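Terminal number for the sequence shown in this note's numbering: 510, no gaps in between. Where is the CB? At the ideal position from N, CA and C, for every residue including glycine. Since this is a predicted model, take the numbers as computed values, not measurements. All remarks here apply to the structure that follows.
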Amino acid sequence: MHSDFLIIGAGIVGLTIAHELRKKYPSSQIAILEKESDVAYHSSGRNSGVLHSGVYYSQDSLKAKFVVQGNKLMRAFCQDKGISINETKKLILCSHESELPELFKLVEKSKLNGVEHELITSKEVAAIEPLAKTVEHALFSPTTANIDPLKVCLALKEDLISKGITFYFETAFLSAKENVIITKDGRQFTSSMVINCAGLYADKIAHNYGIGKHLYIIPFKGIYLKIKDDDFKLRTNLYPVPNPAWPFLGVHFTVDAYNNVKIGPTAIPAFWRENYSGFKQFKLDEAIRILGLEAKLFLKNSFNFRDLAIEEMKKFNRSFFLNEAFKLVNKKPTNPKYEWLRPGIRAQLIDLRTNELVNDFLVERGPNSIHVLNAVSPAFTCGFAFAEWIVEQFVESSLKKL
Ligand SMILES: Cc1cc2nc3c(=O)[nH]c(=O)nc-3n(C[C@H](O)[C@H](O)[C@H](O)COP(=O)(O)OP(=O)(O)OC[C@H]3O[C@@H](n4cnc5c(N)ncnc54)[C@H](O)[C@@H]3O)c2cc1C
């Protein structure tokens, strides 16, 4: 089976790249290999569904470069496909006055990144979200919104099929030799260009092409708790000021596309890549490698991994998890029902030469292949804008050389 472009992975990154390729090359043959039976089985269908605004990212990062435009393009796609957008907005709140300097840094970053924002007082916070609590100031983000990420991916699939793109589901990449890909079920695919968008397995596939051998993905599990309580209804996403020493955003409240209130996600180190629950998808060789790496990071406390791991593990305890979140509100639910939701797993890249986290998106190129590595949050929001850039910077320039 031959195609001009062969994409591995039907998450948001693979789907938006296919969408962009179809726009740029209307008569090309495009195929997508996906190991699961449908799109968005992993991060893209298990995330918070927040369309981020871009307040956190350093100005020179790819995340900052794509998030504002990505938010706009994702909104346009949703409007075009009739997918509802919950205009939830967002507040970043201080639990203690010591957090104010970090809040002011986020204000500066927002200015530099061209992100709509307002530094507001605690009185103004009450008008936006009566349940929210802050010390002196908060950062208000009016362009943050929530969508149903699975609906977006399913709509993309339908759109791509209608435009002649072929999906091969239950077709897992196994290995590559020159430009021949062999799948787990023994089929062979050839392509002029392979685009690896395999999320949690993107590093392994890149290694097959001799790319990024010093990079390795460590999985971090994000668990969510849904709160049902008629007296505890939020209309805005509430986030803490993030701890600058840690790579993730801290426990927060999100209001999803259907107005459900959720706490989470956590960022608990997982022991294998698809370590969602029990021993499903357990792979011994993978677990040995990841546990070994995590043990090393723990001992060296690289990027504060030890402190992070201890703090995050505590969140398996529901009371601890809830109390972290309740720091952001002035009232606790009175008669709540709690429900653990489907977890998601972040595919976080580590540079094995330094034992440090890779913070930004990373795209590497081989002779006839492109590898999207570290498509961590906010890659869902960035999807369409990131895909435009990948096609422009990597695909077009490679084709010119041919
Ligand atoms: C808990 C959590 C919350 C998040 N919240 C947000 C948020 O609110 N907003 C936001 O913008 N971002 C968020 N993110 C980040 C966002 O979800 C991801 O950045 C994004 O979904 C990554 O998309 P992807 O296509 O790279 O990966 P994936 O969605 O994981 O897709 C990769 C695909 O590759 C397939 N695949 C893997 N190996 C193979 C193989 N060998 N052969 C064939 N196919 C293969 C997989 O089955 C999968 O379908 C969150 C992430 C997590 C984990």
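Check, Outcome
"Bounding residues of the beta strand (DSSP E) (the contiguous stretch that carries residue 345)", "345 to 348"
"Test item: CB-CB of residue 288 and residue 296 under 8 Å", "yes"
"Where the alpha helix (DSSP H) through residue 400 begins and ends", "392 to 408"
"Secondary structure of residue 324, DSSP reduced to three states", "strand"
"Under the three-state DSSP convention, the category residue 121 falls into", "helix"
"Cβ-heavy atom distance, residue 152 to ligand 1, below 7 Å", "yes"
"Identified DSSP bridge partners for residue 465", "458"
"Distance cut-off 7 Å: residue 183 Cβ against heavy atoms of ligand 1", "no"
"heavy atom of ligand 1 below 7 Å from residue 305 C-beta", "yes"
"Sequence-distant residues of the same chain with beta carbon closer than 6 Å to residue 487, five excluded per side", "none"
"Residue 358 versus residue 260: straight-line alpha-carbon distance, rounded", "26 Å"
"CB of residue 132 within 8 Å of CB of residue 345, strictly", "no"
"The stretch 225 to 235 in contact with the stretch 305 to 323 per 3-pair CB rule at 8 Å", "no"
"C-alpha gap between residue 438 and residue 242, whole angstroms", "9 Å"
"Whole-angstrom distance between residue 499 and residue 425, CA atom to CA atom", "44 Å"
"beta-carbon residue 327 near ligand 1 non-hydrogen atom, thresh 7 Å", "no"
"Contact under 8 Å by Cβ, residue 143 with residue 279", "yes"
"Nearest neighbour of residue 299, chosen from 115, 167, 485, 494 [CA to CA]", "115"
"Residue 452 - partner residues in DSSP beta bridges", "330"
"Simplified DSSP assignment, three categories, for residue 298", "strand"
"DSSP bridge partner residues for residue 283 (one or two, in chain order)", "290"
"For residue 446, the three-state DSSP class (helix, strand or coil)", "strand"
"According to DSSP, residues forming a beta bridge with residue 276", "141"
"Touch test, the stretch 446 to 454 against the stretch 267 to 282, Cβ-Cβ under 8 Å, three pairs minimum", "no"
"Residue of 202, 191, 327 minimising C-alpha distance to residue 255", "191"
"Cα-Cα separation, residue 457 to residue 326", "6 Å"
"Residue 117 to residue 285 span [Cα, whole Å]", "19 Å"
"Alpha carbon of residue 150 to alpha carbon of residue 160, nearest angstrom", "19 Å"
"Bounding residues of the alpha helix (DSSP H) (the contiguous stretch that carries residue 418)", "413 to 421"
"Cross-strand partners of residue 370 (DSSP beta bridge)", "334, 362"
"Beta carbon of residue 431 nearer than 8 Å to that of residue 337", "no"
"Residue 518 Cβ short of 7 Å to ligand 1 heavy atom set", "No answer is possible for residue 518: the residues shown for the chain start at 109 and end at 510."
"Inter-residue Cα distance where the pair is residue 156 and residue 333", "12 Å"
"Cα-Cα separation between residue 423 and residue 237, rounded to whole angstroms", "25 Å"
"Neighbourhood of residue 215 by C-beta, 7 Å cutoff - its chain only, sequence neighbours within 5 removed", "225, 227, 247"
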